[in-house]
Structures are given as C-alpha cells and as structure tokens.
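Q:
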Amino acid sequence: MSKTTYDEPKSAKGPLYYAYKVFQYVFLLILAAISVMPFVIMIVNSTRNTSQIESHAVSLIPSHYLLQNFKILGGKAFNPWVGFMNSVIVSAGATICTVYFSTMTAYAIVAYDWKLKKPFFTFIMCVLMIPAQVTSIGMYQFMYSIGMTNKLIALILPAIAAPSTVFFMRQYMYSSLPMEILQSARIDGAGEFRIFNQIALPMMKPAMATQAIFAFVSSWNNLFLPLILLTDKAKFTMPIMVSQLNGDIYKTEYGAVYLGLLLTVLPLFVIYFLLSKYIIAGVALGGVKE
Amino acid sequence: MKSAQSRIKSISNAKYGYLFALPFVIAYLIFHFYPTIYTTVLGFTDCQGLNNTEWHLLKGNLFENFQRILTNKSFINSVKNTVIIWIMNFIPQITLAMLLTAWFTARRITVKGQGFFKVIFYMPNIITAATIAILFHALFAYPTGPVNDLLVRNGIIEASYNFYVKKVAAKILVAFIQFWTWYGYTMIILISGVLGISPDIYEAADIDGANGMQIFFRITIPNLKTVLLYTLVTSLIGGLNMFDIPKLFLNGGPDNSTKTASVFIYEQAFAGKYLYNRAAAASMLMFVVIAICSAILFYLMRDKDAAALAKLKKQERKAAKKRGTGLQGGF
Numbered sequence: 001m002s003k004t005t006y007d008e009p010k011s012a013k014g015p016l017y018y019a020y021k022v023f024q025y026v027f028l029l030i031l032a033a034i035s036v037m038p039f040v041i042m043i044v045n046s047t048r049n050t051s052q053i054e055s056h057a058v059s060l061i062p063s064h065y066l067l068q069n070f071k072i073l074g075g076k077a078f079n080p081w082v083g084f085m086n087s088v089i090v091s092a093g094a095t096i097c098t099v100y101f102s103t104m105t106a107y108a109i110v111a112y113d114w115k116l117k118k119p120f121f122t123f124i125m126c127v128l129m130i131p132a133q134v135t136s137i138g139m140y141q142f143m144y145s146i147g148m149t150n151k152l153i154a155l156i157l158p159a160i161a162a163p164s165t166v167f168f169m170r171q172y173m174y175s176s177l178p179m180e181i182l183q184s185a186r187i188d189g190a191g192e193f194r195i196f197n198q199i200a201l202p203m204m205k206p207a208m209a210t211q212a213i214f215a216f217v218s219s220w221n222n223l224f225l226p227l228i229l230l231t232d233k234a235k236f237t238m239p240i241m242v243s244q245l246n247g248d249i250y251k252t253e254y255g256a257v258y259l260g261l262l263l264t265v266l267p268l269f270v271i272y273f274l275l276s277k278y279i280i281a282g283v284a285l286g287g288v289k290e
Numbered sequence: 001m002k003s004a005q006s007r008i009k010s011i012s013n014a015k016y017g018y019l020f021a022l023p024f025v026i027a028y029l030i031f032h033f034y035p036t037i038y039t040t041v042l043g044f045t046d047c048q049g050l051n052n053t054e055w056h057l058l059k060g061n062l063f064e065n066f067q068r069i070l071t072n073k074s075f076i077n078s079v080k081n082t083v084i085i086w087i088m089n090f091i092p093q094i095t096l097a098m099l100l101t102a103w104f105t106a107r108r109i110t111v112k113g114q115g116f117f118k119v120i121f122y123m124p125n126i127i128t129a130a131t132i133a134i135l136f137h138a139l140f141a142y143p144t145g146p147v148n149d150l151l152v153r154n155g156i157i158e159a160s161y162n163f164y165v166k167k168v169a170a171k172i173l174v175a176f177i178q179f180w181t182w183y184g185y186t187m188i189i190l191i192s193g194v195l196g197i198s199p200d201i202y203e204a205a206d207i208d209g210a211n212g213m214q215i216f217f218r219i220t221i222p223n224l225k226t227v228l229l230y231t232l233v234t235s236l237i238g239g240l241n242m243f244d245i246p247k248l249f250l251n252g253g254p255d256n257s258t259k260t261a262s263v264f265i266y267e268q269a270f271a272g273k274y275l276y277n278r279a280a281a282a283s284m285l286m287f288v289v290i291a292i293c294s295a296i297l298f299y300l301m302r303d304k305d306a307a308a309l310a311k312l313k314k315q316e317r318k319a320a321k322k323r324g325t326g327l328q329g330g331f
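Top line first, the protein sequences correspond to chains A and B. Counting from 1, one number per residue, gives the positions in the first sequence under my numbering. Counting from 1, one number per residue, gives the positions in the second sequence under my numbering.
(1) My output table needs one value for L16 of chain A: the three-state DSSP class, helix, strand or coil.
(2) Closer than 7 Å, CB to CB, is L60 of chain A near chain E or not?
(3) T237 of chain A and S55 of chain A - do their beta-carbons sit closer together than 7 Å?
(4) Determine, for I89 of chain A, whether the minimum Cβ-Cβ distance to residues of chain B falls below 7 Å.
(5) Is there contact between the stretch 219 to 229 of chain B and the stretch 241 to 258 of chain B, where contact requires at least three CB pairs shorter than 8 Å?
(6) Kindly indicate if chain A contains any beta-carbon less than 7 Å away from that of A280 of chain B.
(7) Is the beta carbon of A130 of chain B sitting closer than 7 Å to the one on D244 of chain B?
(8) Alpha helix (DSSP H) containing M187 of chain B: first to last residue?
(9) Considering only C-alpha positions, which residue in the set B:E203, B:K15, B:Q67 is nearest to L116 of chain A?
(10) Considering only C-alpha positions, which residue in the set B:S257, B:T231, B:A310, B:K112 is nearest to C293 of chain B?
(11) How big is the Cα-Cα spacing for I295 of chain A and Y112 of chain A?
(12) Should W114 of chain A be flagged as near chain B, meaning a C-beta pair shorter than 7 Å?
(13) Can you give the Cα-Cα distance for L139 of chain B and D149 of chain B, rounded to whole angstroms?
(14) At a CB-CB cut-off below 8 Å, which residues of chain A make contact with N51 of chain B?
(15) Where does T369 of chain B fall in DSSP's three states?
(16) Under the three-state reduction of DSSP, which class applies to L201 of chain A: helix, strand or coil?
(17) With a threshold of 8 Å, are at least 3 pairs of Cβ atoms found where one atom belongs to the stretch 67 to 76 of chain B and the other to the stretch 200 to 208 of chain B?
(18) With DSSP as the reference, please indicate the residues paired to L57 of chain B in a beta bridge.
(19) Let's see if you can read the secondary structure: which residues bound the alpha helix (DSSP H) around S46 of chain A?
(20) Would a check of beta-carbon distances place L248 of chain B closer than 7 Å to chain A?
(21) Note down, in chain order, all residues in the stretch 231 to 245 of chain B with a beta-carbon under 9 Å from any beta-carbon belonging to chain A.
(22) Using C-beta distances below 7 Å, list every residue in its chain close to I189 of chain B, excluding the 5 sequence neighbours before and after it, in chain order.
(23) CA-CA distance, K313 of chain B and S78 of chain B?
(24) Any beta-carbon of chain A closer than 7 Å to the one on S74 of chain B?
(25) Mind pulling the alpha helix (DSSP H) runs of 4 or more residues that sit fully within the stretch 208 to 281 of chain B?
(26) Taking 7 Å as the CB-CB cut-off, is F214 of chain A touching chain B?
(27) Residues of the stretch 103 to 116 of chain B in Cβ contact with chain A at a cutoff of 9 Å, in chain order, please.
(28) Which two residues bound the contiguous alpha helix (DSSP H) that contains Q141 of chain A?
(29) If contacts are defined as beta-carbon pairs under 8 Å, then Y278 of chain A and I195 of chain A qualify, I think. What distance do you get, rounded to the angstrom?
(30) Could you give the DSSP three-state label for R153 of chain B: helix, strand or coil?
(31) Taking one C-beta from the stretch 20 to 31 of chain B and one from the stretch 98 to 109 of chain A each time, how about it: are there three or more such pairs within less than 8 Å?
(32) Whose Cβ in chain B lies nearer than 9 Å to the Cβ of M238 of chain A?
(33) Got a sec: which bits of the stretch 130 to 156 of chain B sit with their beta carbon under 9 Å from any beta carbon on chain A, in order along the chain?
(34) What's the call for F217 of chain B, buried or exposed, on a 16-neighbour Cβ count within 10 Å?
(35) Going along the chain, which residues of the stretch 40 to 66 of chain B sit with their C-beta nearer than 7 Å to a C-beta in chain A?
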C-alpha cells in the first residue's frame, strides 16, 4: 500500500486506482485462504487413509475412507459420542445458568433501588477480567474435598456467576426495558417474580440469545477446568477427548486424527454458519464499552 | 419529592433487589471467591502430594513457596516465554487488524464483500483452541505433514523441515496460531470502534480537504485510543493465561521453549510431584499481575462523564456542609 494510491480521489480512476484495488482483493483473498485452508485440509483428510495422506498430505479431492477412519477412531481411546453428550450437557447447562441468572442479576440492578447496588456493580466491573485459571488450584482442592470432581455439575454451577454477561445484560436493559410496563404490571397486581419471568425476560430475548451463543461456545471450548476436574474417561468433554488425539496410539492414523478433530468442531461450524451475523454483531457490541 | 406512600413502596422493593441478586452472589462466593481465598492460603502451606487435603501453614518462613517460585528458573523461563510469545502474536495481530480496519471503514475506496471477509476472518476464533492446537500439530508434522508437503512440492525448500525440534520455530508457530485465532476478533472490535466515532468529525475533515491517509492517522487513530488500549489490555490478560495451544501443540517443548506460565502452573499442580502449594504461589503471582492489568483497564473504561458528575456532586455536598446543615432540610 503506497501513499499515493491510498489518497487517490474517486474522480480519477487511473491505472493506479485499479492496481490498488487488485492488490487489496488479492491480499484479502490470500488471508481468507489462510483462515480457511486448515479446516479444508482437515475435512478432506478425514476422508483419506494413512497411505494417501503420507504420499500427498494436501489434497482437495475427498476420498472414501470416512467410515474406515471412523472405525479406527472409535476402536481406540476416542469415544466421540460420550464426549459429545458430556459436552452438550455441560454447555447447555452452563448456558442456561449463565443467561437466566445473569439476566436476573442485571434486572436486580436496573429495576430496583437498593443500598448496595452501586458497590455491587463496581464489584462486578472489578472481577470482570479475572480468569478462572489463576484460582484453579483452590478450585480443584475445594471441589475434591466436597467430592465434586468427576461430576459434570461442577462445571455447570459456577456458570451462575458470570460477571461479563451481567455487565452486558445491564447495558442492554438500561436502553430497552421500559419501566412503565413493569409499573403497570405491578398495579395490576402481578408479583415481582412473575413480572421478571413473564414480562422482563421475554423483552430481553435478543440480548439473551447473543449471550447464549457466547456462553455456549466458550463452555464448549473450555479445556482447563475440565482437564483438572475430570479424570474419569466416561466424563470427558470434547476438548479433553481431542487432547488424546496427540497421543502415541494415533501416531500413524492420520485420517482418524483429522476425523476426530472434525467431529469436535462440527457443532461449532453449524452454529457459526447459521448465526455468524449475530455472532459478529455480538462481538462488536461487546468491544465498545464506552 | 416522594410522597410517604411511594417511599414505602421503594423500600419494600429494595428487598427484591437483594433477592434477585442473591443467586449470583451465592454462586460467586462459593465457586469464585472461596477458591481465590483458598488458592491464596495454599500458597502459604505445605500442601503437596496427589489429592492431599491435609495441610498446615508453613512454620518458620511463611513466604517460602513464593521465594522458591521467584527463584525457580523454570518459572522465570515460562514467564519470559509467555511474554515473548504474546508480543510476537500481538504486534502482527494489531497491525493487520488496523490495516483491515482502515480498508473496511474507508469511505472513498470501499471494499466489496466485507460481510464475507469478516465471517471468514473471525471463524478461527470460535473454534475450540484444543482442536486448533492438534490440527496445527498435524499440519506442521514432520516429515509428511501438509505444510512440509506444500513447501517441498513447490520447491520452496528441498527437504522437509522439522519445526518441532527448533526452539525458535516452535515459539514462532505458537505465536502464529495465537495470531491466526485472534486477528479477526481484534479487527471486529476495531471496526466497531471506528463506527462509533462521530461522523461529524469526518465531514469536517472532508470539508477541510484531508486525504485518506491524513484522516486515518489524524482522526481515526486518536479517536480509537480507548478501544486500542482496551484491546491491548484484554489481549495481555488473555495472553498471560495462554494454556490450551502451548500445552496441546507441543506440550511446552522442545526444551521448554513453548512452556507458558499457565502450563508451568498446571505441571506443578497436576503432574509430577503435585506441588499444590508452589502452584498456588505461582498462581497468586500471576493473579497480582492480572489484577494490576485489570485495574488499568477498569480505570480506562470508567464512565468519564458519570465520574465527573459524581465528583461535582461530592464537591457541592461538601460546600453545602460547610454552609451548614440547615439548607439540606429545607427541600
């Protein structure tokens, strides 16, 4: 990108302008290829067998060894169904907890006046960035002493307290929850819990949906906490299953490894291509906290 | 002013405020606050050995674990690795994200298919980091991995290159994977930051005859300062906790060259001798660093108008107090 081309005014579409345009699109397409290629190779190679991959590791033509790879994969340590089910239970449970209780907490901040409201919100802002990892040793010891290791519920319940989701829901509620409606429901004699569940909650649906996607994905992708809390193979989540693909038992089963990787991200691909518009809008919203 | 009746109502409503915030508070205390305290305490104890829950505070030198960690060469090395890998990932990441932001928000020479590019560039960010680590391990495999296959077949190198035994190559690869997963995210944050800048400023610049370069460097970047700092700090905090990719890509190798602080802590606590106390001390040291970063972020992101207003009110109240209390009762 040279200075002159960048400044080119719209009126004068000289050759320089077109050269700049071509450069721009070529650059963007190469970048797009770099982002997509690893996944394409993964998908194609999951249908090829070891000898094919050994002779030519890169190919865009799928072969017909998908089922065979699946048998090799399942015949060893990797049990995709168990991992899938555990991951679904944990992610769905954590998502419901995060979204419902974060909305409730945000509602407490927005809809009511209470003395400790301000300090409470400041506290949430303070702990917003603290990652779970730095307190994992205490977490593990605590969970072990109350017998919660190897229990999926140990990965779900902590999701009730999700400071960043509370923060987001509060921002959204301030701008789009009309207090008059709540007040009129109150006059009609509705109880506070009914007002929250039947009036406020449905109005928060768009924001809840965005947060649900992010909660689900981040729970699905979580490796650290499951890795320290789960030691029983029957309780492994997908990311732990994936980590076993690097082991010696799959050393020469290239096709099976690629297939195992593909299986772990298939749900994410589906979610992403159905909802990419909302996901990207959600990322953009989360970043501008001014 | 409020009548007596509405006053009673708001008092009775306050109860619900506490009630609705209660699940969060309880869950936070049990699953986040208590483990934090527990970790801190463990750093001062002799807690070691697999699944050991019996521990005592250290007698004599209470800070022994912290001293041992701070003089542990492996820990120092892992912190260095973490910072080096983070810098190697962040500088290209922010540069590329800035370039793409400049292109995607340029008003004279617009880029078509922006939606498509955004979807593609952001995609790696949503995929499980564990999967990405193992996928790249397969891609850069020696001697017959796809990358080596491409390089050799196109005559770029003569024989396959073993990325996994060279310290520098391994570090660069981990940094590259981090870069590859995060540049799309950073780009979207920056774009939304640019879109948040008032269009009036741009119009004024247009009228003054500023060109694209001038607009980008003199208007966009200065107005983007907060967003850039936000990106920097959040990326730093995330980078300090880098675990999935260095752990699964090469398990911290070769020769500990990709062992990050988080991998070090994990190995101390959950492998080998199960040194929970040392790991706890190392965690707390990292925690302090992250808390400082968070404090900086919190300070940067604070609501400036509200803060200024609160300050003004405080001053007014002080002034009112000085003038005597009679005034307050008058309303």
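We put the CB at the ideal spot given by N, CA and C, even for glycine.
A: Taking the definition as stated:
(1) helix
(2) As a matter of chain content, chain E is missing from the structure shown, whose protein chains are A and B.
(3) no
(4) Output row for I89 of chain A: interface = no.
(5) As far as the Cβ criterion goes, the stretch 219 to 229 of chain B does not touch the stretch 241 to 258 of chain B, which means the pair count is below three.
(6) yes
(7) yes
(8) Run containing M187 of chain B: 167 to 195, per the alpha helix (DSSP H) assignment.
(9) B:K15
(10) The candidate whose alpha carbon is nearest that of C293 of chain B is B:T231.
(11) Only positions 1 to 290 of chain A appear in this structure, which leaves residue 295 of chain A out of reach.
(12) yes
(13) About 9 Å.
(14) The answer, in chain order, is Y144.
(15) No answer is possible for residue 369 of chain B: it lies beyond the span of chain B, which begins at 1 and ends at 331.
(16) helix
(17) no
(18) B:T45
(19) No alpha helix (DSSP H) contains S46 of chain A, which DSSP labels as neither H nor E.
(20) yes
(21) T231, V233, T234, I237, G238, L240, N241, F243, D244
(22) Answer for I189 of chain B: V227, T231, listed in chain order.
(23) Each residue's alpha carbon lies about 48 Å from the other.
(24) no
(25) DSSP runs (the alpha helix (DSSP H)) wholly in the stretch 208 to 281 of chain B: 225 to 240, 244 to 250, 261 to 270.
(26) no
(27) Considering only beta carbons, the part of the stretch 103 to 116 of chain B lying closer than 9 Å to chain A consists of W103, A106, R108, I109, V111, K112, G113, G115, F116, in chain order.
(28) 136 to 145
(29) The C-beta distance from Y278 of chain A to I195 of chain A rounds to 27 Å, too long to fall under 8 Å, and the pair is not in contact.
(30) helix
(31) yes
(32) T128, A130, T131
(33) A130, T131, I132, A133, I134, L135, F136, H137, A138, L139, A141, T144, G145, P146, V147, N148, D149, L150, R153
(34) Burial call: exposed.
(35) L42, N51, T53
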